[in-house]
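As C-alpha cells, the structure follows; a few thoughts come after it.
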Amino acid sequence: MANVTFSSPIMHQDKTVYAVAGNTATILNVAKENRIPIPFECENGDCGSCVIEVEYYDDSNKMSLAFTEKEKARLKELGLLTDADIENAEVNDMPPKYRLACQYIARHEDIRITFTGEPGGA
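Start counting at 1 in the sequence shown, then tack on 3, and there's your number in this note's numbering.
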C-alpha cells in the first residue's frame, strides 16, 4: 500500500490517500477518485497538461513503473526531462522528479505529488 499525498496551491490543504497495493490505477485516476483537481485533457500522455512533481519520502524505496514513450517525449518537449534523466531511470531504476499523472502508477512507496493547478505546469 502506498500513501500518496497531494499538494497544490489550488487546494485548501494537502490531502493524503491510500493507493491499494497491486492497483494499477494511474495517479490521475487516484486523484479523480479522491476529487483532487489535477488538470488534464487527453488522459493518454499526448498533451502534457497533467505534469506532476514526485517526491519520495524514502529514497531507498523508489518503485515506479517505467516511462511510456509518450511520457518521455512529452516531458522532454516540455524541458522537464533530459537524456541523462531517462538513462538514470532506465538503467539505474531512479525515477525522475517530473512525471505525467496520466502515465505514472505508484507502487509500494509513500510519495508526495505536487502540481501547480495550471495545465502543463510543474
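Where a beta carbon is used, it is the ideal one built from N, C-alpha and C, also for glycine. Only a predicted model underlies this, so the values are computations on that prediction, with no experimental measurement involved.
Original post:
Are the region 97-108 and the region 18-31 touching by the rule of at least three beta carbon pairs closer than 8 Å?
Top reply: yes
Subject >> Closest by C-alpha distance to I114, when choosing among P122, G120, R102 and E121 >> reply: R102
**OP:** State the start and end residues of the unbroken beta strand (DSSP E) segment that holds L103.
**Re:** Y101 to L103
Subject >> Helix, strand or coil at V23 according to DSSP, with G and I counted as helix >> reply: coil
Subject >> the region 28-45 contacting the region 4-14, beta-carbon criterion three pairs below 8 Å >> reply: yes
**OP:** With A109 as the anchor, note down where its alpha helix (DSSP H) starts and where it stops.
**Re:** Per DSSP, A109 belongs to no alpha helix (DSSP H) and is neither H nor E.
**OP:** Count the other CB atoms, across all protein chains shown, that sit within 10 Å of the CB of V94; report buried if there are 16 or more and exposed otherwise.
**Re:** exposed
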